[in-house]
Each structure stands twice: as C-alpha cells, then as structure tokens.
Amino acid sequence: MNDQEFRGWWISPQGEAVLIPDHFKYLLENPEKFGLPKEELARVAWEMKGDNREKYMGLAFQRGWIRVREQKGFTIFQFWEKTDSVISRIKNLLSTFNLSSQDQLAITENCKMEKHKITVERFLAPGIKQ
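Counting from 1246, one number per residue, gives the positions in the sequence shown under my numbering.
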C-alpha cells in the first residue's frame, strides 16, 4: 500500500480529527498536543516498529486519543478504554466517511487487549452495545 492509499487520523479527547501520514511520527513531532513530556519522547529512538512505538502510542491512548487507520478493507480504531465519549467521537468521524453499512470496522480496546470486528451498520445501530 503506498502513501496515497493510506489514510490515518488521531482523534483528540475534544473530538478534533487530525489527518496524518504517520501516527508515531506525528506523536513524536507534537508531544505537547498529547500531554506528553518532550524530554521523554526525545529519548525514544526513531523506530517504525517495536516496543517504543507501541509504548508511546499507548500513552496517547491513555490520555484519551483515538488512532484511526484505513487498511486492508477495514477501518481500524485503537483506543485505551471504551467509553461513551470514545464511541461518540468514533461515530462522528464515521459520519464523514463514505462507507457502506456492511463495511467492516476493527476495534481495539488497549486496556483489555481486546479486538473486535463489527459492521458499520451494527456499530451505528441505536441501543446496541459496542
């Protein structure tokens, strides 16, 4: 998949969706937006894979940020804990996408290390517990 085919976002705790080319790079370049100490991130070696990458993105999740990626036929959402606020912010972003009701979402709740796949229709249905 080349850069033109990839779309990713960070969704802030306030609901602002920021379109970005690389989640980790954006985190390293903007630690103050995530409430992370710049000195701590400066010690992280630039790695596209590995424990440092996951550790520091996990800190963003714990501060209420949501990572969104479109990849291999799925829209992927990663966050710390499923709350009403998280669900609301995901639904707001989904309303701007051109997805069919049967398109697949992959949801990862990092605090529990749980991953689920669900259709857009089911996720958006009122009264359905995600």
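Backbone N, C-alpha and C define an ideal beta-carbon position, used for all residues, glycine too.
- Secondary structure of G1253 (DSSP, three-state): strand.
- By the 16-neighbour rule on beta-carbons within 10 angstroms, F1279 is buried.
- Take G1303, set aside five residues on each side of it, and the residues of its chain with a beta-carbon closer than 7 Å to its own are N1355, in chain order.
- Distance check between Q1307 and each of G1253, K1270, Q1323 places Q1323 closest, using alpha-carbon atoms only.
- Under the 10 Å beta carbon count, R1334 is surrounded by 16 or more other beta carbons and is classified as buried.
- The DSSP-derived three-state label of L1344 is coil.
- The C-beta of H1268 has 16 or more other C-beta atoms within 10 Å across all chains shown, which makes the residue buried.
- Only buried fits T1320, as 16 or more other CB atoms lie within 10 angstroms of its CB.
- The C-alpha of L1369 is placed about 21 Å away from the C-alpha of K1317.
- The three-state reading of DSSP puts K1360 in strand, counting E and B together.
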